[in-house]
Every structure is written in structure tokens, then in C-alpha cells.
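Engineer:
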Amino acid sequence: MIKKKLNINGVTTVVVADPEAMLADVLRGQLHLTGTKVGCGKAQCGACSVILNGKVIMSCAYKMKRIPDESIITTIEGIGTPTNLHALQLAWVKYGAAQCGFCSPGFIVSAKGLLDQNPNPTREEVRDWFQKHRNVCRCTGYKPIVDAVMAAAKLMRGEITVEDLSFRMPADGKILGTDYPRPSAVGKVTGTIEYGSDFGLRMPPGTLQLKLVQAQVSHARILSIDTSEAEKMPGVYKVVTHKDIKGKNRINGLNFPNNKGDSYDRPILCDEKVFQFGDAIAIVCADTEANAQAAVEKVKVELEILPPYMSAPAAMEPDAIEIHPGTPNVYYKQLIEKGEDTAPLMEKADVVVSMEDLYVGRQPHLPVEPDVAAAYYDENGNLQILSKSIGLDLHALMIGEGLGLEPGKNLFLSQFPGVGGTFGYKFSPTIEALVGAAAMATGKPCFLNFNYYQQITYTGKRSPFFIDLKYGATKDGKIIAMESNWAVDHGPYSEFGDLLTLRGAQFIGAGYGIPNIRGVGYTVCTNHCWGSAFRAYGSPQSFFASETLMDVLAEKLGMDPLELRYINAYRPGDTNPSGHEPEVYSITELIDAIRPKYQAALEKAKKLSTPEKKRGVGVSVGVYGCGLDGVDGAEVWVELLADGRVQISTNWQDHGQGADMGLLATSHEALRPMGIKPEQIKLVMNDMNLAPAGGPAGGSRSQLVIGNAAINGCEQLLNALKKADGTYMTYDEAVANGIPLKYIGQWSTAADNCTACDEKGQGKPFATYMYGVFLAEVEVDTKTGKTQVVGMTLAADVGEVVNQTVLDGQIYGGLAQGIGLALSEDFEDLKKHTSMAACGIPYVKDIPDNMEIIYVNKSRKIGPHGASGVGELPLTSPHAAICNAIYNACGVRITQLPALPEKILAGLRGKEIPVVKRPIKNPAF
Ligand code: MCN
Ligand code: FES
Ligand code: FES
1 MIKKKLNING VTTVVVADPE AMLADVLRGQ LHLTGTKVGC GKAQCGACSV
51 ILNGKVIMSC AYKMKRIPDE SIITTIEGIG TPTNLHALQL AWVKYGAAQC
101 GFCSPGFIVS AKGLLDQNPN PTREEVRDWF QKHRNVCRCT GYKPIVDAVM
151 AAAKLMRGEI TVEDLSFRMP ADGKILGTDY PRPSAVGKVT GTIEYGSDFG
201 LRMPPGTLQL KLVQAQVSHA RILSIDTSEA EKMPGVYKVV THKDIKGKNR
251 INGLNFPNNK GDSYDRPILC DEKVFQFGDA IAIVCADTEA NAQAAVEKVK
301 VELEILPPYM SAPAAMEPDA IEIHPGTPNV YYKQLIEKGE DTAPLMEKAD
351 VVVSMEDLYV GRQPHLPVEP DVAAAYYDEN GNLQILSKSI GLDLHALMIG
401 EGLGLEPGKN LFLSQFPGVG GTFGYKFSPT IEALVGAAAM ATGKPCFLNF
451 NYYQQITYTG KRSPFFIDLK YGATKDGKII AMESNWAVDH GPYSEFGDLL
501 TLRGAQFIGA GYGIPNIRGV GYTVCTNHCW GSAFRAYGSP QSFFASETLM
551 DVLAEKLGMD PLELRYINAY RPGDTNPSGH EPEVYSITEL IDAIRPKYQA
601 ALEKAKKLST PEKKRGVGVS VGVYGCGLDG VDGAEVWVEL LADGRVQIST
651 NWQDHGQGAD MGLLATSHEA LRPMGIKPEQ IKLVMNDMNL APAGGPAGGS
701 RSQLVIGNAA INGCEQLLNA LKKADGTYMT YDEAVANGIP LKYIGQWSTA
751 ADNCTACDEK GQGKPFATYM YGVFLAEVEV DTKTGKTQVV GMTLAADVGE
801 VVNQTVLDGQ IYGGLAQGIG LALSEDFEDL KKHTSMAACG IPYVKDIPDN
851 MEIIYVNKSR KIGPHGASGV GELPLTSPHA AICNAIYNAC GVRITQLPAL
901 PEKILAGLRG KEIPVVKRPI KNPAF
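Mapping of the sequence shown onto UniProt numbering: residues 1 to 925, in sequence order.
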């Protein structure tokens, strides 16, 4: 041990620590300064940034022995407090620079280091600084962060005032559509909101720390599991295996009835087989993390290795064995049949274009916060699980049987107050059942925090699609028929694989009034990583095919790609691929809105192109539905409190997207007739013990579905309290008149006659959609093959604005993820894609500062205050626009993502770009 005298945030502190311990762990674990976060744990993300003797350092990788005595350290706690915000924190709130907020303390500390040295930086200097200090944000697309630093610097230089960075309430008291700051913002920018790892440090004495024994192979039969040696290790309380699990030991995947996959194919702890690398086989429960980890090495697992099928082509080979014995590897088939048979139409078409094996791969979610969960028995003997779940009630249903518990009776889930981004991976339960099983087997509170490698290898990923696509068109460019064939590699677990495959039917070719469609999609079981939801779920794969082929068709017809899209865009009378009329027709207007910028971009690209750095411009259309599919509902409780406040309760789970802001603004607007102020609304969210089900925060559904249920509840309260003179009763008056104080708001898409799609992919799955047209400007370095996106624009229709800052932030962040998807992100190679950086996360300089949003928002009749959703729109097809821009720049057509430099270089040198081919196009089913 070493003793250090340090000055931390102005306070002299003497600390005794292990010389090998990392500063971040000492700050957090010993000194309880939990504002400093640990994300990657490997000096790649800057979440742990602190200022040490005037220099910004990454404390997760800085050993105590390197720290000189008498050092001066500043952490987020030393920068400002909730009642005394620093200029940077104020600006962070104003510009929505904290979405999930997990990166915010590190960024703010880093920015403080910059402004201490350079009080008047340019935007590029701010970006250079964050690039150098490796500060990663997965939510915001970086632009709002740079905006915030610039504004804070202005405030610090005295060029603007605090009022300029504070919310100004409009005269009518309406916050809907404004930049009202989200309620959780102050907690996020001060590092005071509690994320899972912070909660873990504050659990009661005797809490068991969990570590997993995980499979190091992708496919095997388990012959034996021997925990005897591990159980004798110091500090070990118990090693939990499948034998200790009281229920079915399976997650319920809630499969469609016509899915040949078994809804119960995902074990909580592996019993008979290992299905993928990283599968959990046993849980070591010990007094400390270190003791638990040491014992992990002592658990002996005897395996019979089986052939791993690491892609759909491999698992579809005729000699491949069944990964789940008794279930074929191709386990679900989805048709799309709209309009007339397409074969004769293709014969008649003036032009036919087709492409094969268009492929979008295993995009990893890469939230800065790794997965984390805690479990304990409450005073009533009920199991309580806290996690990053974005579907509390859904997940209780999915894990209940497996654990042998009943959701809402003796099993309750809630979210940690802070959730550091999920982007959809938490639409599936991940470690909830593991902490639950450990707490049940030991009777003790349990805590499990993944390291970043586990985050990458254990949690689900975007599922690859292989798509073949054909358009038949008239010589004027009108598409008269489309034929599609797609295979989805969903990894080993069938949960939601059917739903995802259906998304291919719904979104390949969406945006265009294609009257006749024939196609078929297959879901394939493989031993690569299990497929989980990822923002825009199924649409990035679908649009990559249909928007790439659109450009090929434009070239064949000699037409401008944007104008070809204009000709085909939905117009009144057209229906979407599911066969129903869009709720609004905005794509032609979106194209009109983006056209001037597109034309200017083309000219600019021509002017700036050189043989070494070729510039290009590409476009794409993106559409996504708001909802789960078919009938989708939510419940919200609205209650008048004795102090005159109104309590709004529901589970609108927050990933970081702004659920608190959405619920507050939506409810406030509904209650505004009674003259209520936003601060008089009390939100009770994301705890099954306290609030009803709003449904999972997936499918960009919450604003629409929960928003409408909130309005319904608020209207019931208003109607009950309304007096003859048009004013509203107070609490005392309501009680005196015997008026009920609590109302159950409900809404479902049945109100708009939504129906699930039938076996031919036809129906009305969504009440509203989001529409966009993307414009990408790129520069390709012809020596290295590297692409830089130099400009990104989205013309968007998301309905009426609920909160402008949230909305802009959603779009910038989604566009940045699209750039990552296009150019760098992947989780294919288990040996290579092992860290945040290796998986290709975009840093600030990978994302252009030049991002623009052009809103063409049309009010939705069925939407809450006219709103539709937004979360997933920006990730529907930006990557397609980028690849179209690459082709425009240098003539290299990328058909399989990511568009790595080596692929582009091969194309530039006239070599064949290697592609993965799917062997069986129409497997027996
Ligand atoms: N909103 C608005 N105006 C509109 C529509 C929506 O201001 N016209 C606001 C809403 O109030 C809400 C946000 O935008 O705060 C997103 O609303 P919505 O599109 O309804 O989406 P959900 O609340 O259901 O959130 C889920 C969606 C999905 S599916 C993923 S995945 C996702 C996402 O949002 N993951 C995210 N955005 C994310 N943002 C962050 N920072 N982190 C994630 O993990
Ligand atoms: Fe320290 Fe990522 S750099 S947690
Ligand atoms: Fe930056 Fe979420 S706000 S990672």
C-alpha cells in the first residue's frame, strides 16, 4: 500500500491505496467521488477524465503509484454543483449535450482542461482537443457538445450572460416545442445522478459481487461443470449453475406462432450446450470482485466442441447440424405479397436492375456505459432487480418463468436512475436473469457490472441481412415491381428473430409507392452473436439494399438519383410495402426541401475534387414505423396530489433519449388549461413497484403511444376537475366534492385500426411513421481508401415538436451512428473486435461538424399534440447515402458494410472487392 497526500477538488485528502490500483477506482470506490465514470476501462473513451496537476488524464488507466504526492486533482464534483453550475454545465444543459449523460462528466472535465489553457478556442480546436483526449459520446453526434463548449467559453469571457444560457418561459407558459431543459440534465452534468455502477458501490454490506464463467468457444456440448475447487476459494459464497435455478432456466422469446424456433431456446445459465462465445455457464458470488474473478478461473467445464456456424451461409449448408436439436437452422419464413404477381411485370418492364448479397453486418451498440444490474429481496420477500432494461414489464414476463417467479407478484424490475445508453440492446433482457438467479440461490443482495469486453461479447448485436433485390421500372423511372429475397443471421436465439425478419417485408423499398411486390425472408440460427434490437431495427439492412439499388437504377436510366426518388416517392393513392396508406405524404416535400442543398453540394464536390481526394454526394430515403407492430398500448396514471401537484406515473424507460422530457412536456401541455407549471408535475417513472406499463422504449413508439395515454389520463383529470365557470377545482375542493383524484390513462394503436401484418406481410402495423431524406457529402482519399464524411443533412418529418433540443439531439446522434455503420463499426471477428475502439466507434473527428437538419414536420392527427416519433429515423438509411456518395466520388460500389478503406482501395485499383455470398437462396422450409 502507498499513502498519498492529495488535493482533490480543493480539499486536502490523505489516501492509502494499492500502488497498482487505478485512480478511477480509488476516486470512486474509496473516496466515493462517483461522478467520474468508467466506460471502456481501457483509455479509449475519456469517461473517466480528471485533471491531474493541470493535465487532463484518463483515470481508468492511471495507476496510483504514478501520482506524485501533493498532486492537485479536479473531478466533476470540483467543477460545479447542482445549485452552483459551472458555465460548462449550464451550457451542457442548454444545448442538450447530456443525453444519457454517462460521458458528460468526462467531457466537462476535459473541456475545463481546454478552457483553462485556451479561453477562446475555435470549433476545430475544441474538436481537436476531444479527439486528442479520446472523449467518446455515443448519443449526441458531438455537435451539441461543441456548441456547449463554445457557449460556455463565451459566458466565461463575459460575452453572454447566464440568462442567455437559461430557459426563458414563454408568456403563454407553454413548454411543448421549446428547448425546456430535460429534468435529469442537472444530475447528469454534475455527476450526481446514480448509474448502475454507482448504485453498486452503495449497496449494503454483505452484498455479493458476481463474476461470470463464460464460454470461450462458439458451439459445444457441455459434458460437466465442476465448481468444487472454485467454491473453496477465498471469499466465495457460492457458485451458481443451472442446477440452482428454480424455474425453466430459459428466457421466453415470445416467438410468433408460425416460428419453428422454440421460444425457450435461450438458457439463463447454459445446461446442455454452449450456443455462442460468451454464453454464461456459471456465476461466482463472492465478497469482492477480485475474489469472484479469481474463482472464475477455477470452475472446470468439460466440453465436446461442435462445429461453429458463424454466419447464415454456414448454418444454411445442407450438412450443417441443427444448433438447437429438433429445430431447423432456418426457422422462420416471412413472405411479402403486394399487388400483382411480379414475374410477368419484370418481363414487361422497360428497365430491370438487380443486385445480390447486399449485406449490413453485426453493428455493435457500443454504449459508453457497460451493462450492469443488481438484485435483492425486499421486505415482502419479493425479488427486486435493477438494471438498464428499457422494457421493465416485458422483461419481467420474459425472465419470470425461467426463474420460477411471477411478474408483478414476486418479481419486480426497475431502472437505475441513470442509464448510460442502450440503442436497443436492452430491448432484450441481458443480465437481469443472472443477478436474479444469483440472489435467489444465495438469498443475498447481488451486484454484477460487466467490463467492456463482456459488454461486447455477451450482449446482442444488430443482425446481418443478406438481401437480393430486383426492380422493374418504366423508362420514365417509375418502379412497377420489386422482388426481394433476404436471409437474417439472428445468432443462436430466436427471440424477436421473426419480428426482425418481418421488418424486411415492411421496409425494403419503403418510401416509394411500389404497387407490386413479391419477396421472401428467412431467419437463420447461427453461432455468432445473438441478434438483439438495434436502433432502427431491421431498416438499416432493408434500406441499404433498396437505396443502393435505387442509385443503380438511376444510373441505368441516366437520371439524377434524387429525381428518381422524387418520381417514386409516396403520393396520395400510393400504399407502403405493408399495403396501407401512409398517414401523411411528406417525402416529395422533403425532397423539395433538400434539393437546393443537394445541387449546391454536387457543385461543391466537383469544385473541390482532386485526384488524391475525391469528393462525392449521395442521397437516400428513410422511413420507420412508430410502434411494436399491430395493436400496441400503454397505461399512464394521473393523480392530483394534496400539495396541488399532479403526479404522472408510467414506465417510459429512458435510455438517454429523453423520456422524462417527453412525458413532462406532453403532460404539461395537456394539463395547461388548469394553469399548472412544469415544476408542479411530479414524474414517477421506470419502476414496476410504482408505475404501470408504458411498454418497452423501442420502435420509437413511446412518444406516440405513451404520449397519447398520458394525454388521455390528463384529460380525464381535467374533465373531472372542471367547474361550470371553466376554472378547475383545487385538491381540497375535489376531496370535498368526492371527486376521484387518480385516473388511468390508456391508449392503443387500435384507436387507429392498426393490425399486425398477415402471412403475406400485409396489414396496418403502425399508426404513424417518421420520414426522412438523407444527404451525405464525402471525401475519399484515393491513396489510402479512407472515406471522410464532410457533411450530413437530414430533411425530416417527425410530426409536431415535443422538445426541440431533444429532437435535434436524437437526429445528430443517430446520424453519427449511421456514419459508424457505414464506415467502421463491426463485430464480426471475435479476436479483433474486442474493444470500443477496435469495434470502430466514431471519435469526434470521424463525425462532421457540418450536420444540418431541415424539418418539414407535418402534424399527425393521431399523434399526441400532433407528434410522431423520432428516435430511429436518423439511423434508417444514412449509411446508404454515404455509400452512394462514395460511388459518386470514386466509382467504387460498396455492397457489403462497413466500407473499410481496404475495400475501397481494392475497388479503386480495379480489383474485386471480396464479398460474403449466401449459398442457398430459397432453402426448404
Ligand atoms: N420527441 C420529440 N418530438 C417528437 C418525437 C419525439 O421531442 N416529434 C422526443 C420524445 O419526447 C423522446 C425522444 O424524442 O424524448 C424519443 O422519442 P421516441 O421517438 O418516441 O422514442 P422512445 O422514447 O420510444 O425511445 C426509443 C428510441 C429507440 S427505439 C432507441 S433504440 C434509442 C432512441 O430512442 N436509443 C437511444 N434514442 C436514444 N438516444 C440515446 N441517447 N440513447 C439511446 O440508447
Ligand atoms: Fe477510462 Fe474509458 S477511458 S473509462
Ligand atoms: Fe454521451 Fe450518452 S450523452 S454517451
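Virtual Cβ for every residue (Gly too), placed ideally from N, Cα, C.
Where do the ends of the beta strand (DSSP E) carrying residue 682 lie?
Structural biologist: Residue 682 -> beta strand (DSSP E) spans 681–685.
Engineer: Assuming contact is defined by CB atoms lying nearer than 8 Å, are residue 381 and residue 247 in contact in what I supplied?
Structural biologist: No, they are not a contact pair.
Engineer: DSSP state of residue 125, grouped into three classes?
Structural biologist: Three-state DSSP puts residue 125 in a helix.
Engineer: Is residue 46 near ligand 2, going by C-beta to nearest heavy atom under 7 Å?
Structural biologist: Indeed, a heavy atom of ligand 2 lies less than 7 Å from the Cβ.
Engineer: Nearest-angstrom Cα distance between residue 229 and residue 284?
Structural biologist: If you take the alpha carbons of residue 229 and residue 284, they lie about 12 Å apart.
Engineer: Cβ of residue 50 within 7 Å of any heavy atom in ligand 2?
Structural biologist: Residue 50: no, Cβ never under 7 Å from ligand 2.
Engineer: Does ligand 2 have even one heavy atom less than 7 Å from the beta-carbon of residue 200?
Structural biologist: Incorrect: residue 200 has no Cβ contact closer than 7 Å to ligand 2.
Engineer: Is there contact here, the stretch 854–870 with the stretch 570–589, by at least three beta-carbon pairs under 8 Å?
Structural biologist: With the cut-off at 8 Å, the stretch 854–870 and the stretch 570–589 touch.
Engineer: Note down, in chain order, each residue of its chain lying with its Cβ closer than 6 Å to the Cβ of residue 896, except the 5 sequence neighbours on either side.
Structural biologist: Answer for residue 896: 359 and 915, listed in chain order.
Engineer: When burial is assigned at 16 or more other CB atoms within 10 Å of the CB, is residue 259 buried or exposed?
Structural biologist: Classification of residue 259: buried, given that the 10 Å Cβ count is 16 or more.
Engineer: Throw me the rounded Cβ distance for the residue 494 and residue 279 pair, which I believe falls under 8 Å.
Structural biologist: Not really, about 15 Å apart at Cβ, beyond 8 Å.
Engineer: Work out the CA separation of residue 451 and residue 885 for me, nearest whole Å.
Structural biologist: So the alpha carbons of these two residues sit roughly 37 Å apart.
Engineer: What's the call for residue 948, buried or exposed, on a 16-neighbour Cβ count within 10 Å?
Structural biologist: Past the boundaries of the shown model lies residue 948; the chain is included only from 1 to 925, so the question cannot be answered.
Engineer: Can you find the residues in the same chain that come closer than 6 Å, C-beta to C-beta, to residue 533, ignoring five residues on each side of it along the sequence?
Structural biologist: Within the same chain, residue 533 has close Cβ partners 424, 427 and 698.
Engineer: Under 7 Å: does the beta carbon of residue 40 sit that close to some heavy atom of ligand 2?
Structural biologist: Under cutoff, so the answer is yes.
Engineer: Going by DSSP in three states, residue 652 sits in which element: helix, strand or coil?
Structural biologist: Coil, per DSSP.
Engineer: What are the boundary residues of the beta strand (DSSP E) that includes residue 798?
Structural biologist: Looking at the DSSP string, residue 798 is not in any beta strand (DSSP E), and its letter there is neither H nor E.
Engineer: Sorted by chain position, which residues of the same chain lie with C-beta nearer than 6 Å to residue 186's C-beta, five sequence neighbours on each side aside?
Structural biologist: Around residue 186: 82.
Engineer: Considering only the alpha carbon of each residue, which of 355, 316 and 34 lies closest to residue 893?
Structural biologist: Taking only the C-alpha atoms, the option nearest residue 893 is 355.
Engineer: Hey, which unbroken runs of the beta strand (DSSP E) at 3 residues or more fall wholly within the stretch 578–637?
Structural biologist: Segments of the beta strand (DSSP E) lying fully in the stretch 578–637: 613–626.
Engineer: Give me, in chain order, the residues of the same chain whose beta-carbon lies closer than 7 Å to that of residue 478; leave out the 5 immediate sequence neighbours on both sides.
Structural biologist: These residues qualify, in order along the chain: 567 and 568.
Engineer: Please confirm if the stretch 624–633 is in contact with the stretch 661–671, defined as three or more CB-CB distances below 8 Å between the two stretches.
Structural biologist: Contact fails: fewer than three Cβ-Cβ distances are below 8 Å.
Engineer: In its own chain, which residues sit with a C-beta less than 7 Å from the C-beta of residue 820, not counting the 5 before and 5 after it?
Structural biologist: So the qualifying residues of the chain are 840, 841 and 842.
Engineer: According to DSSP, is residue 373 part of a helix, a strand, or is it coil?
Structural biologist: The answer is strand: DSSP assigns residue 373 an E or B state.
Engineer: Using three-state DSSP, classify residue 66 as helix, strand or coil.
Structural biologist: The answer is helix: DSSP assigns residue 66 an H, G or I state.
Engineer: Roughly how many whole angstroms lie between the Cα atoms of residue 372 and residue 725?
Structural biologist: So the alpha carbons of these two residues sit roughly 53 Å apart.
Engineer: Would residue 847 and residue 141 qualify as a contact pair, given that the criterion is a beta-carbon distance under 8 Å?
Structural biologist: Going by C-beta atoms, residue 847 is nearer than 8 Å to residue 141.
Engineer: Would you call the stretch 389–399 and the stretch 231–241 in contact, with 3 or more CB pairs under 8 Å?
Structural biologist: These segments do not touch.
Engineer: What number of angstroms, rounded off, separates the C-alpha of residue 241 from the C-alpha of residue 149?
Structural biologist: C-alpha separation (whole angstroms): 50 Å.
Engineer: Counting along the chain, where does the beta strand (DSSP E) carrying residue 12 start and finish?
Structural biologist: Segment 11–17, the beta strand (DSSP E) holding residue 12.
Engineer: I need the straight-line Cα distance from residue 299 to residue 217, nearest angstrom please.
Structural biologist: In a straight line, the C-alpha of residue 299 is about 16 Å away from that of residue 217.
Engineer: Once DSSP output is grouped into helix, strand and coil, what is the label at residue 117?
Structural biologist: Three-state result, residue 117: helix.
Engineer: Give the straight-line distance between the Cα atoms of residue 261 and residue 522, rounded to the nearest whole angstrom.
Structural biologist: Going from the Cα of residue 261 to the Cα of residue 522 covers about 12 Å.
Engineer: For residue 696, does the count of other Cβ atoms within 10 angstroms reach 16, so buried, or fall short, so exposed?
Structural biologist: Residue 696 should be labelled buried.
Engineer: In the DSSP output, what is residue 860 paired with across the bridge?
Structural biologist: Answer by DSSP bridge pairing: none, since residue 860 is not bridged.
Engineer: Any chance the CB of residue 766 is under 7 Å from a heavy atom of ligand 1?
Structural biologist: Checking every heavy atom of ligand 1 against the Cβ of residue 766, none is found closer than 7 Å.
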